[in-house]
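Q:
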Amino acid sequence: MISGSSVTARWLAAGDSGNLDEFDRLMHADVVVHAPAGLSTSSRDEEKQVWRDAVASVRGLRHEIQEILTDGDTEMARVIVTGTIVGDLGSVTTEATGADRAFTLDQAIICHLRDGRIAEAWEIADIAALLTAPPQG
């Protein structure tokens with residue numbers, strides 16, 4: 002896992018741990034996050050709620066950063082997301098995935114920074130694999 006001063010890495014680590022107050026230091030109040038599965042947001046407060054829901058619906062949620070590329074005010078991360086689905090999250094339902102199901106999926110995240118904080122982000126995740134892959138474990 003890659004750690005350090007990357008804003009993207011700090012955002013994901015704060016979300017995974019449920020430390021959503023850290024978002025105040027990492028994101029602008031009017032941040033826009035484009036995400037799959039009906040989880041897009043248009044403010045920091047909305048993004049905090051998505052993460053509250055994610056931590057409640059995915060036991061052991063973890064974003065393991067494989068690499069981060071930085072160019073000026075843009076960061077791009079390749080991430081492996083793991084956890085166990087225990088509740089519905091956006092359009093991903095336990096009816097479709099099975100409850101208490103462990104998963105691994107690939108994700109790419111692109112963040113545009115302004116003044117050292119996230120102004121806009123795109124999350125690209127292989128949600129189709131999550132819905133069609135056999136349960137792991």
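When we follow the numbering used here, the leftmost residue of the sequence shown carries the number 2, and every step to the right adds one. Glycine included, each C-beta is placed from N, C-alpha and C at the ideal position.
1) If the criterion is Cβ atoms closer than 8 Å, does the pair aspartate 74 and histidine 113 meet it?
2) What are the uninterrupted segments assigned as beta strand (DSSP E) that are 3 or more residues long and contained completely in the stretch 20-64, given in chain order?
3) Could you work out which residue in Ala130, Ala14, Ser58, Glu48 is closest to alanine 100 when comparing CA atoms only?
4) Helix, strand or coil for threonine 105? Go by DSSP, reduced to three states.
5) Buried or exposed for alanine 15, going by 16 or more other Cβ atoms inside 10 Å?
6) DSSP puts isoleucine 81 in a beta bridge; with which residues?
7) To the nearest angstrom, how far is the alpha carbon of glutamate 48 from that of isoleucine 86?
8) Measure how close the beta-carbons of alanine 1 and isoleucine 69 come, nearest whole angstrom, since I'm counting them as under 8 Å.
9) Given a threshold of 16 other Cβ atoms within 10 Å of its Cβ, counted over all protein chains shown, does glutamate 124 qualify as buried or as exposed?
10) Expressed to the nearest angstrom, what Euclidean distance is found between the alpha-carbon atoms of histidine 64 and threonine 98?
11) With distances taken from CA atoms, which of Asp72, Ala38, Leu27, Ala130 is nearest alanine 103?
12) Using the three-state DSSP reduction, which class does alanine 15 fall into: helix, strand or coil?
13) So which of Ile110, Thr95, Glu76, Ala55 has the shortest CA-CA distance to serine 18?
14) Buried or exposed, going by whether 16 or more other CB atoms sit within 10 Å of the CB of glutamate 96?
A: Checking against the coordinates, here is how it stands:
1) yes
2) Here the runs fully enclosed are 28-35.
3) Ser58
4) strand
5) buried
6) Glu65, Asp107
7) Straight-line Cα distance between these residues: approximately 20 Å.
8) Since the displayed the chain opens at 2 and closes at 138, residue 1 lies outside it and no answer follows.
9) By the neighbour-count criterion, in which a residue is buried when 16 or more other Cβ atoms sit within 10 angstroms of its Cβ, glutamate 124 is buried.
10) 19 Å
11) Looking only at Asp72, Ala38, Leu27, Ala130, the smallest Cα-Cα distance to alanine 103 is reached by Ala130.
12) helix
13) Per the Cα distances, Ala55.
14) By the Cβ-count criterion, glutamate 96 is exposed, with fewer than 16 other Cβ atoms from all chains shown falling within 10 Å of its own Cβ.
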